[in-house]
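Residue numbers (our numbering): 4 to 211.
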């Protein structure tokens, strides 16, 4: 009787673990939504909360290209600029203005390079104006800085960051359900990108 009970206990404990292991998405992440909603997902919706003074975000500009190259149109990458403490909203607003003009990627790269390669404080309005002049979008940038819709987008980005508790950057939200941040991979952007690739692979492969 004891042997039978022992066998039943082993079966009881091992079986669910096996089933869960088959269904579990590999990688390091925090579940912040209903993970069952990932079962029929065909496209990865990646929201990135980033800050223009963040070194990890600067490196992710490059490492994220690997994700785009692999997953192509199955990966939708939405960027949400945020800022901290005494930083101004100017770079975040410039992001949305540049996005509306179709030059966001180039302008974002220029902002990061100006901050990290030149050591210039990009949170000053005069720096944004100077870069806008280089891009020949001075008029649009000046008007955009007064725009209620641009301010609303910037405020919404901050509000979403609070809702998702994006306390470090880049914080990645996957389909509103999984949360990934550099601290989960020892502060390494390369490892975080490897981690995201693994997660994306599992989500898409499980759904055919």
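The C-beta atom is built at its ideal place from N, Cα and C for all residues, glycine as well.
For the pair of segments examined, the region 124 to 132 was found not to touch the region 180 to 194: the number of CB pairs separated by less than 8 angstroms stays below three. For residue 81, the beta-bridge partners assigned by DSSP are 50. In the structure shown, residue 28 adopts coil according to DSSP, grouped into three states. In the structure shown, residue 123 falls within a coil segment according to DSSP collapsed to helix, strand and coil. The beta carbon of residue 99 sits closer than 7 angstroms to those of 153, 156 and 157, all from its chain and outside the five residues before and after it, given in chain order. Restricting attention to beta strand (DSSP E) runs no shorter than 3 residues, the region 124 to 183 encloses them at 174 to 177 and 181 to 183, ordered along the chain.
If you draw a 10 Å sphere on the C-beta of residue 101, you find 16 or more other C-beta atoms in it, and that means buried. Taking each of 53, 162 and 90 in turn and checking the Cα distance to residue 171, the smallest one comes out for 53. Looking at the DSSP output, residue 33 shares a beta bridge with 182.
For the pair residue 63 and residue 141, the Cα-to-Cα distance works out to about 28 angstroms. Under the criterion of beta carbons closer than 8 angstroms, residue 96 and residue 147 qualify as touching, at roughly 7 angstroms.
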